[in-house]
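What follows is a set of notes on a single structure, which appears directly below.
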Amino acid sequence: MSGVVGTNLVAQVGFIVKDIYETKKKWAEFLGVEEPPAVEAGDYAVTQTEYKGKPAPGAQSLLAFFDVGPGLQLELIQPNEEPSTWREFLDEHGEGVHHLAFNVAGMNMQQAVDNCKEFGMTLEQKGEYGSGDGRYAYLSATKDLKVLIELLESDKK
């Protein structure tokens, strides 16, 4: 079954946190692994972040990633104060699960976004990876699926 975005395999579970250093320490302890580094999401010149259809040069976050199984990652996100899907979530809901992510290999990002829109989702935020080798899009599916969906497209082969 390929579903709306070409896969039914969850690639990532993303959490919004207030203190990435304390949270990643606790996750590392819980999982029995080393703490990953906290990295900035990337410079706007590379990320070209758009939030609710408008450029969002100030939207920034600290990120930490845990690989927790074949093809599954936990992402911790500590947003700054600027408007973004991350900040909006923290302000409205507090800390917690923000999104489920899916790799859209096999179809291009625009086709996956269009499919999600046809399914009734709305595009909240999109941009390029800070490393410049892929892109992401967050779509609101909270009405039907009760969570945001993130689409991931990597240029790495």
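When we follow full-length UniProt numbering, the leftmost residue of the sequence shown carries the number 1, and every step to the right adds one. Cβ coordinates follow ideal geometry from the N, Cα and C atoms, glycine included. A quick note: this is a predicted structure, and the numbers were derived from the prediction, not measured.
Starting from residue i and walking both ways along the alpha helix (DSSP H), at which residues does that stretch end?
i	result
Val46	Tyr44 to Thr47
residue 166	Here the chain covers residues 1 to 157 and nothing more, so residue 166 does not appear.
residue 158	Nothing can be reported for residue 158, as the shown portion of the chain is limited to 1 through 157.
Report the residue from the options whose alpha carbon sits nearest the alpha carbon of residue i.
i	options	result
Val4	Lys156, Asn108 and Trp86	Asn108
Ala101	Ser131, Cys116, Lys18 and Glu35	Cys116
residue 158	Glu81, Ala141, His93 and Glu153	The displayed coordinates of the chain run from 1 to 157. Any statement about residue 158 would go beyond what the structure contains.
To the nearest angstrom, how far is it from the Cα of residue i to the Cα of residue j?
i	j	result
Gly130	Gly120	29 Å
Asp67	Gly53	31 Å
Gly69	Glu118	31 Å
Val39	Leu62	5 Å
Gly32	Val147	28 Å
Met1	Thr7	Because the pLDDT of Met1 is 49, which lies under 50, any placement of that residue in the model is unreliable, and the number read from its coordinates should be weighed accordingly. Each residue's Cα considered, the two are about 7 Å apart.
Glu29	Leu76	15 Å
Per DSSP, what are the beta-bridge partners of residue i in this structure?
i	result
His99	Gly14 and Leu148
In the DSSP assignment, find the beta strand (DSSP E) that holds residue i and state where it starts and stops.
i	result
Lys126	Thr122 to Glu128
Ala112	Careful: Ala112 lies outside any beta strand (DSSP E), inside the alpha helix (DSSP H) at Met109 to Glu118.
Count Cβ pairs between the region 7 to 21 and the region 47 to 60 that sit closer than 8 Å; are there 3 or more? no
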